[in-house]
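*Asks:* In the order they appear, the protein sequences are chains R and C. Residues in the first sequence are numbered from 516 upward in steps of one, following this note's numbering. Residues in the second sequence are numbered from 49 upward in steps of one, following this note's numbering. Glycine is no exception: its CB is placed at the ideal position from the N, C-alpha and C atoms. Owing to the predicted nature of the structure, the values given are computational and were not obtained by experimental measurement.
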Amino acid sequence: MTRALLTGNAAAAWGARLARIDYLPAFPITPQTEIIETISRWIGEDEMRCRMVMLESEHSMLTAAGAAASTGVRTFTATSSQGLLYGMEMLYTIAGWRVPLVLINVSRGLSAPITLEPDHNDILAARDSGCLQLHCATCQEVVDAILIAYRLSEQPQVRLPVIVNLDGFSLSFTREPVSLPDDQAAAHYLPAFRHDAAEFRGGHPASKAVAVLGGGAYSYFRYETHLAALAAIDAYDDAAREFEQQFGRRYPSVECYRNDDAEISFVMIGSFATKAKDAVDRLRDAGHKIGLVRPFMLRPLPEADLRKALVGKSGIAVIDQNLAPGRGGILHGEVTSVLYGQQERPATVLSYIGGLGGRDIVIEEFFQIAADVRAAVASGATPAPRLLYTRNELTDMRKMQAAAHVEATGDGAVDGTGGAPSKETTA
Amino acid sequence: MKESQFKAARDLPSSHILGAGTAMCAGCGGLGAVREVYDVLGKDTIFVNAAGCMTLLSVYPFTPFRGSWLYTAMASAPAGGQGVRDALDIRLEQGSLRKDEDLQVVVLTGDGTANGIGLSATSAAIDRQLDFIYLCYDNEGYGNTGQQTSAATPHGARTATDPETGGMPGRKKDLFAIWTANRPTYAATVLAAEPLDLARKIETARSLSGPRLILALAPCPPGWGFEPSRSVEIGRLAVRTGIFPLKEYIDGRVVHNRIPHPRLPVEDYLKPQQRFAHLFEPQRDDKRIGEIQAAVDAYWLEVENGHA
Numbered sequence: 516m517t518r519a520l521l522t523g524n525a526a527a528a529w530g531a532r533l534a535r536i537d538y539l540p541a542f543p544i545t546p547q548t549e550i551i552e553t554i555s556r557w558i559g560e561d562e563m564r565c566r567m568v569m570l571e572s573e574h575s576m577l578t579a580a581g582a583a584a585s586t587g588v589r590t591f592t593a594t595s596s597q598g599l600l601y602g603m604e605m606l607y608t609i610a611g612w613r614v615p616l617v618l619i620n621v622s623r624g625l626s627a628p629i630t631l632e633p634d635h636n637d638i639l640a641a642r643d644s645g646c647l648q649l650h651c652a653t654c655q656e657v658v659d660a661i662l663i664a665y666r667l668s669e670q671p672q673v674r675l676p677v678i679v680n681l682d683g684f685s686l687s688f689t690r691e692p693v694s695l696p697d698d699q700a701a702a703h704y705l706p707a708f709r710h711d712a713a714e715f716r717g718g719h720p721a722s723k724a725v726a727v728l729g730g731g732a733y734s735y736f737r738y739e740t741h742l743a744a745l746a747a748i749d750a751y752d753d754a755a756r757e758f759e760q761q762f763g764r765r766y767p768s769v770e771c772y773r774n775d776d777a778e779i780s781f782v783m784i785g786s787f788a789t790k791a792k793d794a795v796d797r798l799r800d801a802g803h804k805i806g807l808v809r810p811f812m813l814r815p816l817p818e819a820d821l822r823k824a825l826v827g828k829s830g831i832a833v834i835d836q837n838l839a840p841g842r843g844g845i846l847h848g849e850v851t852s853v854l855y856g857q858q859e860r861p862a863t864v865l866s867y868i869g870g871l872g873g874r875d876i877v878i879e880e881f882f883q884i885a886a887d888v889r890a891a892v893a894s895g896a897t898p899a900p901r902l903l904y905t906r907n908e909l910t911d912m913r914k915m916q917a918a919a920h921v922e923a924t925g926d927g928a929v930d931g932t933g934g935a936p937s938k939e940t941t942a
Numbered sequence: 049m050k051e052s053q054f055k056a057a058r059d060l061p062s063s064h065i066l067g068a069g070t071a072m073c074a075g076c077g078g079l080g081a082v083r084e085v086y087d088v089l090g091k092d093t094i095f096v097n098a099a100g101c102m103t104l105l106s107v108y109p110f111t112p113f114r115g116s117w118l119y120t121a122m123a124s125a126p127a128g129g130q131g132v133r134d135a136l137d138i139r140l141e142q143g144s145l146r147k148d149e150d151l152q153v154v155v156l157t158g159d160g161t162a163n164g165i166g167l168s169a170t171s172a173a174i175d176r177q178l179d180f181i182y183l184c185y186d187n188e189g190y191g192n193t194g195q196q197t198s199a200a201t202p203h204g205a206r207t208a209t210d211p212e213t214g215g216m217p218g219r220k221k222d223l224f225a226i227w228t229a230n231r232p233t234y235a236a237t238v239l240a241a242e243p244l245d246l247a248r249k250i251e252t253a254r255s256l257s258g259p260r261l262i263l264a265l266a267p268c269p270p271g272w273g274f275e276p277s278r279s280v281e282i283g284r285l286a287v288r289t290g291i292f293p294l295k296e297y298i299d300g301r302v303v304h305n306r307i308p309h310p311r312l313p314v315e316d317y318l319k320p321q322q323r324f325a326h327l328f329e330p331q332r333d334d335k336r337i338g339e340i341q342a343a344v345d346a347y348w349l350e351v352e353n354g355h356a
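1. Is the number of C-beta pairs between the stretch 896-906 of chain R and the stretch 858-870 of chain R that are closer than 8 Å three or more?
2. Residues of chain C with a CB under 7 Å from the CB of residue 537 of chain R: which are they?
3. DSSP state of residue 692 of chain R, grouped into three classes?
4. Are the beta-carbon atoms of residue 551 of chain R and residue 533 of chain R separated by less than 8 Å?
5. Tell me whether the stretch 650-660 of chain R and the stretch 797-816 of chain R touch, counting them as touching only if at least three CB pairs, one residue from each stretch, are closer than 8 Å.
6. Just to confirm the assignment, what range does the alpha helix (DSSP H) spanning residue 914 of chain R have?
7. Quick one: which chain C residues come within Cβ less than 9 Å of residue 668 of chain R?
8. For residue 310 of chain C, count neighbouring Cβ atoms within 10 angstroms of its own Cβ and tell me buried if that reaches 16, exposed if not.
9. Is the beta carbon of residue 79 of chain C less than 8 Å from the beta carbon of residue 72 of chain C?
10. Give me the residue from C/296, C/307, C/302 with the minimum Cα distance to residue 290 of chain C.
11. Taking the alpha carbon of residue 946 of chain R as the reference point, which residue from R/854, R/885, R/843, R/546 has its own alpha carbon closest?
12. What does the alpha-carbon distance come out to for the pair residue 235 of chain C and residue 744 of chain R?
13. In the DSSP output, which residue or residues are listed as bridge partners for residue 722 of chain R?
14. Give the secondary structure of residue 22 of chain C by DSSP, where H, G and I count as helix, E and B as strand, and everything else as coil.
15. Assuming contact is defined by CB atoms lying nearer than 8 Å, are residue 815 of chain R and residue 865 of chain R in contact in what I supplied?
16. Assuming contact is defined by CB atoms lying nearer than 8 Å, are residue 817 of chain R and residue 769 of chain R in contact in what I supplied?
17. Quick one: what's got a C-beta closer than 7 Å to residue 87 of chain C's C-beta in the same chain, skipping five residues either side?
18. Of all the alpha helix (DSSP H) runs that stay within the bounds of the stretch 785-861 of chain R, which reach a length of 4 or more residues?
19. For residue 542 of chain R, which of R/577, R/605, R/520 has the nearest alpha-carbon?
20. Three Cβ pairs or more, each shorter than 8 Å: is that satisfied between the stretch 197-213 of chain C and the stretch 318-337 of chain C?
21. Is there at least one Cβ from chain C nearer than 8 Å to residue 562 of chain R's Cβ?
22. Which residues of chain R have a Cβ atom closer than 7 Å to the Cβ of residue 145 of chain C, listed in chain order?
23. Assuming contact is defined by CB atoms lying nearer than 8 Å, are residue 836 of chain R and residue 787 of chain R in contact in what I supplied?
24. Identify each residue in the stretch 176-187 of chain C for which the Cβ-Cβ distance to at least one residue of chain R is less than 8 Å, and report them in chain order.
25. Mind the definition here: the stretch 329-344 of chain C touches the stretch 270-278 of chain C only if three or more C-beta pairs lie below 8 Å; say whether that holds.
26. Quick one: using the 10 Å Cβ neighbour count with 16 as the cut-off for buried, is residue 939 of chain R buried or exposed?
27. Between the stretch 75-109 of chain C and chain R, which residues of the former have a C-beta closer than 8 Å to a C-beta of the latter?
28. According to the neighbour-count rule (16 or more other Cβ atoms, all chains shown, within 10 Å of its Cβ), is residue 879 of chain R buried or exposed?
29. Step through the CB atoms of chain R and report whether any lies within less than 8 Å of the CB of residue 210 of chain C.
30. According to the neighbour-count rule (16 or more other Cβ atoms, all chains shown, within 10 Å of its Cβ), is residue 675 of chain R buried or exposed?
31. Can you tell me the Cβ-Cβ gap for residue 580 of chain R and residue 592 of chain R, rounded? I've got them flagged as a contact below 8 Å.
32. Starting from the beta carbon of residue 130 of chain C, find every residue of chain R whose beta carbon is closer than 9 Å, and list them in chain order.
33. Roughly how many angstroms separate the alpha carbons of residue 190 of chain C and residue 166 of chain C, rounded to a whole number?
34. Does DSSP classify residue 430 of chain C as helix, strand or coil?
35. Nearest by alpha-carbon distance to residue 582 of chain R: which of R/723, R/678, R/784, R/717 is it?
36. Can you tell me which of the three DSSP states residue 142 of chain C falls into?
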């Protein structure tokens, strides 16, 4: 074991290296590119034995990844944001191929407007693809999640791609101390690639992803994929337990922080959950019984663990770093559906949208959210979802609009980028 | 190069390894080409398929292939070929596959894919010098969805999306030229109705490595509007009128394997096809028939002058 100061991107590259990947189909995109550049350098320096090939798009990259995994090699790839969406057809496809591989997504907001900075709309657009999802909050988790992800993905009862998500900028470009397992320990935890009888090779004809006619066959294969994803709940627990036994780091599918005796819980995923932890500590210091619940695994959704963490609380605030226009926060819907029908379910599940496109969520906002939940619990009335935005941000936005010769459309309204009535440029 | 094993028609395979009873239409020129190509390549072949007519060859739980098959998506079959080829190479190098477990990777797509949605992935596979055969069955439209206009639809042909008087207003994209401009190892045009020429070209392609194009004209009875029994005849007319040149690109230059002498007038090819009927009825459109003839004449003049 060695200790190193690594960015999230370097941690992802180390995870791939420790997993002894055979194959890396790649395509650059900010903020992911550093991952493939790092691995490319290691290949050039003979630090890694891996074949890397540059594809011409993420759609092709994912196709090559799935095809290679179908032919029996340990495959790794990485993308972000627009790239994940460009490859979306193949995300669904390779899940249906039932191939084991690991895809890193470095989360970044989606166009339009185009941005480089993080939020979770990209990864949550892949929510229903059949690919499993692990969501990292630290650089250490990035390394460890990749090893766990391969263990999970290569289980015969699972055989689904796993996406390991880390936030752009706040993890990808942020250095944190990371404990790196040595090669032997990693190889002990993650044995050589597990071959499958259906892999392509001469003398063993195999047909993969053939067409089906009729709903009976289609439904059967779709249900199989669903059942495999559900089987990943137990398989994950096994993989995480063995990881803890070997490395001493614990990764429950749902992390609970100071939550056992909490009356109120924050629910978040990703790196901003570390901000929520800080807020929890300070609120605890001030005498409030509050905790954090963070799903580390989002697909399959560990429903039982989520219920265990949340049933019996008096109030919950789900803080979404994503926005489903016309609906609101995606996690909020997931959490409420898990709690529906449970006895002792919290009556109050508040929804907050924040941290979009690199916007911070500051500690005062967590304090305000906690105060909102207490007030809602006391009154029994659930307020409408809140879009976090400060007066200062609005002032800055107004200045930009003035600079862009954009006229405000009404009292305090913020112009959308797409339809802004701009005479010269749009923001 | 060593001498061809296919010297005469009697040298062609007498039995086929592609199973019968597929869902393809009667008289499908694309299926004929696939069958003849497969006979020469043999069963240690993996077909990596893009969405199109041939996707319906393998419908669960049946397949006519004695080798392997991977359906990908419409846009990215060459990338699927890349993944398979790379993984085979990695495993051969690691020693986890024996040499006799290697596969010939064949990407199988239609012309809509080859000239449109899949062109970027194809072009990039050539850039990377991917070791694969790209087999395009060119039925000159999106055949599987009912013959809408594709970039390979010839000038003047009526389709489901160009049904009005003029037919396809543009020009058929020259996929062969696009490939050869990028200097692949090999490129050839073939036709199921010319099995000896086809077998020799596949034999050559098989002996080489790197990106290799096999562009098969695929007469399509329902899409072009002729009786299935005339499929071979229509294909041969495409060659004899000079509309479809049989040629190959090897060692950096294009060779025409058959220069039709005398060239039949293009209308011999156009007239039997419903998609061109508007050029003859209710009135003969001499101007447009003349344009099509002039384009063919210009092509062969360049060939004779050594420029094509």
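*Replies:* The structure says:
1. yes
2. 138
3. strand
4. no
5. yes
6. 906-918
7. In chain order: nothing, as chain C lies at least about 16 Å away.
8. exposed
9. yes
10. C/307
11. Past the edges of chain R, shown from 516 to 942, lies residue 946 of chain R, and the structure says nothing about it.
12. 44 Å
13. C/117
14. Since the first residue of chain C shown is 49 and the last is 356, residue 22 of chain C is not available in this structure.
15. no
16. yes
17. 61, 64, 65
18. 788-800, 818-825, 845-854
19. R/577
20. yes
21. no
22. 716
23. yes
24. 176
25. no
26. Residue placement at residue 939 of chain R is flagged as unreliable, the pLDDT there being 39, under the threshold of 50; a coordinate-derived value is accordingly withheld.
27. 91, 92, 94, 96, 103, 104, 106, 107, 108
28. exposed
29. no
30. buried
31. 5 Å
32. 540, 568, 570, 575, 578, 579, 582, 583
33. 13 Å
34. The displayed coordinates of chain C run from 49 to 356. Any statement about residue 430 of chain C would go beyond what the structure contains.
35. R/723
36. helix
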